[in-house]
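Q:
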Amino acid sequence: MRTSASALVLAMTVLLGTGCGGPDDKPTSRESPTPTGAPQSTRFAYGDTSDNFGDLYLPNQHASDLPVIVMMHGGGWQQQTNLAYTEALAADLAAHGVAVWNIEYRRVGGAGGWPTTLADVDAATDALATIVRPGCGGCLNLDSVHVIGHSAGGHLAAWLAGRHTLDRPDAPGADPQVRLASATILAGVLDLRLAVTDGHDRYVRALLDGTPDERPTRYQIASPIEHLPIGLPVTVIHGDADTVVSVEHSRRYAAAARIAGDPVTSQILPGIGHADFADLTSPAWAAAKTAVLERINSRPR
Numbered sequence: 001m002r003t004s005a006s007a008l009v010l011a012m013t014v015l016l017g018t019g020c021g022g023p024d025d026k027p028t029s030r031e032s033p034t035p036t037g038a039p040q041s042t043r044f045a046y047g048d049t050s051d052n053f054g055d056l057y058l059p060n061q062h063a064s065d066l067p068v069i070v071m072m073h074g075g076g077w078q079q080q081t082n083l084a085y086t087e088a089l090a091a092d093l094a095a096h097g098v099a100v101w102n103i104e105y106r107r108v109g110g111a112g113g114w115p116t117t118l119a120d121v122d123a124a125t126d127a128l129a130t131i132v133r134p135g136c137g138g139c140l141n142l143d144s145v146h147v148i149g150h151s152a153g154g155h156l157a158a159w160l161a162g163r164h165t166l167d168r169p170d171a172p173g174a175d176p177q178v179r180l181a182s183a184t185i186l187a188g189v190l191d192l193r194l195a196v197t198d199g200h201d202r203y204v205r206a207l208l209d210g211t212p213d214e215r216p217t218r219y220q221i222a223s224p225i226e227h228l229p230i231g232l233p234v235t236v237i238h239g240d241a242d243t244v245v246s247v248e249h250s251r252r253y254a255a256a257a258r259i260a261g262d263p264v265t266s267q268i269l270p271g272i273g274h275a276d277f278a279d280l281t282s283p284a285w286a287a288a289k290t291a292v293l294e295r296i297n298s299r300p301r
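Per full-length UniProt numbering, the very first residue in the sequence shown carries number 1; after that it's consecutive.
(1) Once the 5 residues before and after residue 146 are set aside, which same chain residues still bring their CB inside 8 angstroms of it?
(2) Tell me which residues share the same chain as residue 56 and place their Cβ nearer than 7 angstroms to its Cβ, disregarding the 5 neighbours each side in the sequence.
(3) Hey, could you find the ends of the alpha helix (DSSP H) residue 283 is sitting in?
(4) Across which residues does DSSP place residue 189 in a beta bridge pair?
(5) Considering only the alpha carbon of each residue, which of 271, 97, 277 and 119 lies closest to residue 163?
(6) Around the Cβ of residue 34, are there at least 16 other Cβ atoms within 10 angstroms (buried) or fewer (exposed)?
(7) Would residue 168 be called buried (16 or more neighbouring beta carbons within 10 Å of its own) or exposed?
(8) If we ignore side chains and look at the alpha-carbon of each, how far apart do residue 256 and residue 225 end up?
(9) Taking DSSP as the reference, what is the three-state secondary structure of residue 178?
(10) Could you compute how far the alpha carbon of residue 85 sits from the alpha carbon of residue 285?
(11) Mind checking who residue 272 pairs with in its DSSP beta bridge?
(12) Could you tell me if residue 270 is buried or exposed, where buried requires 16 or more neighbouring beta carbons within 10 angstroms of its beta carbon?
(13) What residue range is occupied by the uninterrupted beta strand (DSSP E) comprising residue 143?
(14) According to DSSP, which residues form a beta bridge with residue 56?
(15) With distances taken between CB atoms, is the gap from residue 106 to residue 51 smaller than 8 angstroms?
(16) Could you check which residue in 158, 59, 92 and 53 has the C-alpha nearest to that of residue 230?
(17) List the endpoints of the continuous beta strand (DSSP E) containing residue 235.
(18) Would you call the segment 205 to 214 and the segment 239 to 253 in contact, with 3 or more CB pairs under 8 angstroms?
(19) Thinking residue 219 and residue 78 are a contact (beta carbons under 8 angstroms), I'd like their distance in whole angstroms, please.
(20) Give the single residue among 287, 236 and 65 whose Cα lies nearest to the Cα of residue 263.
(21) Between which two residues does the alpha helix (DSSP H) holding residue 216 run?
(22) Looking at residue 124 and residue 39, is the spacing between their C-beta atoms short of 8 angstroms?
(23) If you reduce the DSSP assignment to three classes, tell me which class residue 63 lands in.
(24) Could you check if residue 302 is buried or exposed, using at least 16 other CB atoms within 10 Å of its CB as the buried criterion?
(25) For the putative contact between residue 103 and residue 83, defined by C-beta atoms under 8 angstroms, what is the C-beta separation to the nearest angstrom?
(26) Does the Cβ-Cβ distance between residue 227 and residue 187 come in under 8 angstroms?
(27) Enumerate in chain order the residues of its own chain whose CB-to-CB distance from residue 260 is below 6 angstroms, with the five nearest sequence positions on each side excluded.
(28) Could you tell me the distance, in whole angstroms, from the CA atom of residue 152 to the CA atom of residue 173?
(29) My understanding is that residue 134 touches residue 97, with C-beta atoms under 8 angstroms, so please give their C-beta distance in whole angstroms.
(30) Between residue 232 and residue 258, what straight-line distance do the alpha-carbon atoms span, to the nearest angstrom?
(31) Apart from the five residues just before and just after residue 72, which ones in its own chain have a Cβ nearer than 6 angstroms to its Cβ?
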């Protein structure tokens, strides 16, 4: 039985409340049952483990050459939270005429952590070219690939958007095959050093297996604010009532991006908490959806 969306949001909030924010069998390509009129999803494996998969959502009536949104779920990079809480968000976006690649990745407490979690989101995105586009009959426009992520997924989305700037050949994601056109970051953990030094965030320490003093190279590679400028449009959205991930992450990232010359838009939403972005009926999700679709529509098809 699939867990209700409200229960997933509650579980995510409980998990993240003390810090920043899969199937048992190996996945294979499959069609998932959907209500009449709902976007269809197809599952593709992009690796060899049970958490190396994603669900591709397509609008019911679609042509080829669809723009693509890569969706990153959050949950403190922890094994307890999976892509189920972004399923409804992915379907909602796909209903607006775009393809959505809702990805799973290995997480802390399972087989994830450094560098596996970062390597997985990189591999899942590159799989759009090698596995997913061929698997959907060439329906995707890989010149219009955008990313959206919430909380820890916001960190991964921002990291993914800047991975092409990494100048270390041994770093995960240093040689991307699919480049992004924009990033939309929802309550993201964008400065990992800040998260640890100001927030004493045990989830960041678990992800990177240490503190900034103990693992300086890992923090430099993994922290999105370290990669500016990234040369593509970014929208950061955060609620001023967020008690899980400080709004300072979005404020600092936006300020640093502007100084570096990146085109960045920042929205601080009054009265919005952390989990509101996972609620289809909330003004937070409405703002997020509008932002990512505007990024897509501003590009020539």
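Quick reminder that beta carbons are idealized off the backbone N, C-alpha and C, glycines included.
Keep in mind it's a predicted model, so treat the numbers as computed, not measured.
A: Working from what's here:
(1) 67, 68, 69, 70, 180, 181, 182, 183, 184, 292, 295 and 296
(2) Counting only Cβ-Cβ distances below 7 angstroms, and skipping sequence neighbours, we find 41, 42, 44, 99, 101, 132 and 136.
(3) 283 to 297
(4) Paired residues: none, contrary to the question.
(5) 119
(6) For residue 34, the predicted model reports a pLDDT of 40, less than 50, meaning its position is unreliable and no value from the coordinates is stated.
(7) exposed
(8) 7 angstroms
(9) coil
(10) Taking the straight line joining both Cα atoms gives about 13 angstroms.
(11) Paired residue(s): none; residue 272 is not in a bridge.
(12) exposed
(13) 140 to 150
(14) Bridge partners of residue 56: 42 and 101.
(15) Yes, the pair counts as a contact, with Cβ atoms nearer than the cut-off.
(16) Residue 230 has its Cα closest to that of 158, out of 158, 59, 92 and 53.
(17) Taken as a continuous stretch (DSSP letters only), the beta strand (DSSP E) holding residue 235 covers 234 to 239.
(18) no
(19) Incorrect: roughly 19 angstroms between the Cβ atoms, too far for contact.
(20) 236
(21) 216 to 222
(22) no
(23) Coil at residue 63, not helix or strand.
(24) Examination of residue 302 is not possible in this model, given that the chain is present from 1 through 301 alone.
(25) 7 angstroms
(26) no
(27) 228 and 229
(28) 17 angstroms
(29) Rounded, the Cβ-Cβ distance is 22 angstroms, inconsistent with contact.
(30) 12 angstroms
(31) 149, 153, 156 and 157
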